[in-house]
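Enquirer: Right, I'll just put the structure down here and ask away after.
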Amino acid sequence: MFKIDFSDQKFRAIIIQTIVVGLLAYGLYWIVQTTAYNLEKRNIATGFGFLNDPAGFDISFSPFIKFVATDSHFAVYLVGLANTLLISVIGCIAATFMGFFVGIIRLSSNWLLSQIAYVYVEITRNIPLILQLLFWYALLINLPRVKNSIAIGETFFLNNRGLNSPQPIFGENFIYVTVAIVIAIIVSIVFSRWAKRTQETTGKQYPVVLINFASVIFFPLIVYFISGSPLDFENPELKGFNFVGGMKIPPEFVAMFLGLSIYTASFISEIVRAGILSVSKGQIEAANSLGLRQNVIMNLIIIPQALRVIVPPLTSQFLNLTKNSSLGIAIGYADLVHGFGGISLNQTGQAIECMAIVMATYLTISLTISFFMNIYNRAIQLEGR
Amino acid sequence: MKILRISALLALVTFFSAPAMAGTLEDVQSRGYVKCGVTTGLLGFAAPDDSGKWSGFDVDVCRAVAAAVLGDSSKVEFTTTTGKTRFPTLASGEIDVLARNTTWTFSRDVNLGFEFVGVNYYDGQGFLVPSNLGVTSATQLDGASVCIQTGTTTELNLADFFRVNNISYEAIPVETNDESRENLFAGRCDVYTTDASGLAATAAQADNPADWVLLPEIISKEPLGPLVRHGDHVWGDIVRWSLNTMIIAEEKGLTSSNVDSMVSSTNDPEVLRLTGNEGEYGVMFGLPNDFGYNIIKQVGNYGEVFERNIGSSTPLALARGLNAPWTAGGILYSPPFR
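Protein sequences appear in the order of chains A and B.
Residues 1 to 385, numbered by the numbering used here, are exactly what the first sequence covers, in order.
Residues 386 to 723, numbered by the numbering used here, are exactly what the second sequence covers, in order.
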């Protein structure tokens, strides 16, 4: 029974823990109080009303959302969020592919290949990311000027203001092609599952990859020609100061993409290497003695087991890449920190509010990534049989 | 029970150690130097020389304050601020005065809780382009890429200007003047826009300044001046009258080299008051009466400061223009010292 007795160890533990929690709570309360008091006294924090005020400045890089200077600061937030997500998603995909590639060739028995991978990893992961970003940016803005652009077949133009490429203009009938692509993908997935089941029950194999690849490419292509080629391209054209028309990928984006993916890929490649090495050598030797081909060994024996080791640290790398995208401010990439956490903050002077929103947003993005990666991680864990 | 006593003590200590702010003047006097916020480096306005000593037009405002308060113009600690960090740095008390070509606007004065104590440079926003671009007016800039420092009033003026003239542009946002310069010289942007004085400083740093032209349009009023926090009126008055002292000194013909002889020979009562030889003006805000003399002797009058840092003999070669005394066709006009 519980009784008041200071010689009782359990009782003392409860008292001490209560006091510690109480002190912590008081300390926290004091910090919040003091901060709020000082902010109010210095006119620093005055609420979120500014979100509806017109921004008054322009953002040039906004591929998804149309933005003009009369839009609100909340629109600035949305544009920044979209740009952050864009570079994060593309960066994570590229870094994963590059990381797997480098990780595998690092283990190659070819001495030259594995040394190249080794040098790549050691150079990129040992130089601070911000320096790499500045390096890529400096490289890109020293490309030829607009008037002397490097032309690739009169449709692509590379200069120090980015890569100008033709813009696809979708005709009315393009909807049929879109539908065809969706159908082809669904059919491919169904076919893959059917083929896998068939193989498990009968042992009969089908060239799944080849058939799926053909159906996803050729079916939409046939529909495209039947519906009257509903796709045109608008070529960029040099008019006045800049290229007009077409699409443009600015150097800020390219530098971010190169910097983030190359840097993160070096870490991922080490994770992949560790994952592959964690699969016991005996299994590989057993597979070899069964006469399985190398790619079958890789795909069916090594990778499924390696993934269990790879996925948790891979999640951390995705989180790192996303958070590192905030370094875009150093080279003027219009992400969340640059646009909303920077320009809006400065134009309105609402530093605390802007930073709180930006921090909450990064937290949400990171937790979302963790959530989905954890689901994936559970899905690939060893199943007891 | 001991633990309870200790925790109660801790609570008391934390409660009473809530930050208390004394007057800025007392802080500066007990600290022994003025903390001043300047740019990260803008030739002529605030830039460190080879030995790390700061000089420039804005720097001299800080030096004048130090001369007035501490009697020694060298007792200044400079903190570099970007367009973005300048206001939080001042608001948080990291610096005592911000002298960083900051435009005096309504919302900064009122909403951000600062007090602009005066104008030390009447500027306007202009456009700098390479002369081989063949542009003679800003209205021909349709479709151009424009380098712009983020978080500035010029950023807002730029958007307004292009909107009003119904022409388009691509904004290339950069953080500092140095980045703008690199981007402009590399051709990442066609145009750099900021205050005309800043553009002159930028062009002066080019390999061949003649390759760059300032377009004739001045699209905004940019009254630049030092500012302090709201609420400390004594300190605000000190910075205001340090600046005004330099302006009056020029009007009266007092320079750092002739101030001693002028004081002994003149019978102009305002000169005598300004230099502390008549009346008890300094003590009214807690300074020695000769604070004005110290400013003029150690830093110089407004005209000297202008010529030394950004005037016709410097690489910037800025004309006095609006920044001449009202007696010489400009709009510099200090309230009387009496």
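Where a beta carbon is used, it is the ideal one built from N, C-alpha and C, also for glycine.
Are the C-beta of ALA13(A) and some C-beta of chain B separated by less than 7 Å?
Expert: False, the Cβ-Cβ gap to chain B never drops below 7 Å.
Enquirer: Alpha carbon to alpha carbon, how far is LEU367(A) from ALA588(B)? Give it in angstroms, no decimals.
Expert: For ALA588(B) and LEU367(A), the distance between alpha carbons rounds to 48 Å.
Enquirer: So that I know if they touch, is there some Cβ in chain B lying closer than 7 Å to that of ILE65(A)?
Expert: So no, ILE65(A) is outside the interface.
Enquirer: For the region 532–559 of chain B, which residues have a CB atom closer than 7 Å to at least one CB atom of chain D, in sequence order?
Expert: Among the chains of the structure shown, chain D does not appear; the protein chains present are A and B.
Enquirer: Quick check on TRP597(B): does DSSP put it in helix, strand or coil?
Expert: Strand.
Enquirer: Run down chain A in chain order and give the residues with a C-beta less than 7 Å from the C-beta of ASP563(B).
Expert: In chain order: nothing, as chain A lies at least about 13 Å away.
Enquirer: Going straight from the alpha carbon of GLY685(B) to that of GLY572(B), what length do you get?
Expert: Their Cα atoms are separated by approximately 40 Å.
Enquirer: Below 8 Å CB to CB, which residues in the same chain sit around GLU462(B) once its five sequence neighbours on both sides are set aside?
Expert: Closer than 8 Å at Cβ, skipping near neighbours: TYR418, VAL419, LYS420, CYS421.
Enquirer: Quick one: Cα of LYS248(A) to Cα of GLY91(A), how far?
Expert: Taking the straight line joining both Cα atoms gives about 18 Å.
Enquirer: Looking only at DSSP bridge pairs, what is ARG614(B) linked to?
Expert: Its beta-bridge partners are PHE499(B).
Enquirer: State buried or exposed for TRP111(A), treating a residue as buried only when at least 16 other CB atoms are found within 10 Å of its CB.
Expert: The residue is exposed, with fewer than 16 neighbouring Cβ atoms inside 10 Å.
Enquirer: Residue range of the alpha helix (DSSP H) that ASN551(B) falls in?
Expert: Neither: ASN551(B) is in no alpha helix (DSSP H) and is coded neither H nor E.
Enquirer: So, using beta-carbon positions, are ASN126(A) and LEU143(A) closer together than 7 Å?
Expert: It is not a contact, given that the beta carbons lie outside the stated cut-off.
Enquirer: Among residues of its own chain, excluding the 5 on either side of GLY456(B), which ones have a beta-carbon nearer than 6 Å to its beta-carbon?
Expert: Here the set comprises ASN679.
Enquirer: Determine, for PRO601(B), whether the minimum Cβ-Cβ distance to residues of chain A falls below 7 Å.
Expert: Closer than 7 Å: no.
Enquirer: Tell me ALA432(B)'s beta-bridge partners as DSSP assigns them.
Expert: Paired residue(s): SER440(B).
Enquirer: Between SER60(A) and chain B, is the shortest Cβ-Cβ distance under 7 Å, so that the two count as touching?
Expert: Yes, because at least one Cβ of chain B sits closer than 7 Å to the Cβ of SER60(A).
Enquirer: Report yes if the CB atom of ALA75(A) is closer than 7 Å to the CB atom of ASP58(A), and no otherwise.
Expert: Cβ distance not < 7 Å, so ALA75(A) and ASP58(A) don't count as in contact.
Enquirer: Below 8 Å between beta carbons is the criterion; list the residues of the region 228–249 of chain A that meet it against any residue of chain B, in chain order.
Expert: Taking 8 Å as the Cβ-Cβ cut-off against chain B, the residues of the region 228–249 of chain A that qualify are LYS239, GLY240, PHE241, ASN242, VAL244.
Enquirer: Measuring CB to CB, does ILE632(B) end up less than 7 Å from SER719(B)?
Expert: Contact flag set, yes.
Enquirer: Is PRO356(B) close to chain A? Criterion is C-beta to C-beta, closer than 7 Å.
Expert: Shown here, chain B extends from 386 to 723; a query on residue 356(B) therefore has no answer.
Enquirer: Can you tell which of THR364(A), ILE116(A), LEU327(A) has its C-alpha closest to the C-alpha of TYR137(A)?
Expert: Residue LEU327(A) is the option with its Cα nearest to TYR137(A).
Enquirer: For the putative contact between GLY99(A) and SER325(A), defined by C-beta atoms under 8 Å, what is the C-beta separation to the nearest angstrom?
Expert: Contact doesn't hold; Cβ gap of about 17 Å is too wide.
Enquirer: Beta-carbon of LYS606(B) versus every beta-carbon of chain A: anything under 7 Å?
Expert: No, LYS606(B) lies away from the interface with chain A (no Cβ there is under 7 Å from its Cβ).
Enquirer: Taking just the CA atoms, how far does ILE604(B) sit from PRO63(A)?
Expert: Rounded to the nearest angstrom, the two C-alpha atoms are 30 Å apart.
Enquirer: Buried or exposed for ILE175(A), please, with buried defined as at least 16 other CB atoms from any protein chain shown within 10 angstroms of its CB.
Expert: Exposed: under 16 other Cβ atoms inside 10 Å.
Enquirer: Per the DSSP calculation, ASP580(B) is bridged to which residue(s)?
Expert: Answer by DSSP bridge pairing, in chain order: GLN510(B).
Enquirer: Do GLN534(B) and GLY429(B) come within 7 Å of each other at the CB atom, strictly closer than that value?
Expert: No, these two residues do not count as a Cβ contact at 7 Å.
Enquirer: When we look at the beta-carbon of LEU395(B) and count the other beta-carbons within 10 Å, is it buried (16 or more) or exposed?
Expert: Only weak support exists for where LEU395(B) lies, its pLDDT of 49 falling under 50; the coordinates are left without a value.
Enquirer: I'd like to know whether the C-beta atoms of ILE271(A) and LEU314(A) end up nearer to each other than 7 Å.
Expert: Yes, Cβ-Cβ distance for ILE271(A) and LEU314(A) is below 7 Å.
Enquirer: Cβ of GLU234(A) within 7 Å of Cβ of ILE169(A)?
Expert: Yes, Cβ-Cβ distance for GLU234(A) and ILE169(A) is below 7 Å.
Enquirer: Following the continuous alpha helix (DSSP H) through SER165(A), name the residue where it begins and the one where it ends.
Expert: No alpha helix (DSSP H) contains SER165(A), which is instead part of the beta strand (DSSP E) from 162–165.
Enquirer: Against chain B, does ASN160(A) count as a neighbour if the rule is that its beta carbon must be under 7 Å from one of theirs?
Expert: Interface residue, yes.
Enquirer: Is DSSP giving PRO515(B) helix, strand or coil here?
Expert: Reduced to three states, the DSSP call for PRO515(B) is strand.
Enquirer: Identify which residue in PHE340(A), PHE219(A), GLY203(A) has its Cα closest to the Cα of ILE185(A).
Expert: The option with the nearest alpha carbon to ILE185(A) is PHE219(A).
Enquirer: How far does the alpha helix (DSSP H) with PRO304(A) in it extend, from its first residue to its last?
Expert: 303–324 is the extent of the alpha helix (DSSP H) around PRO304(A).
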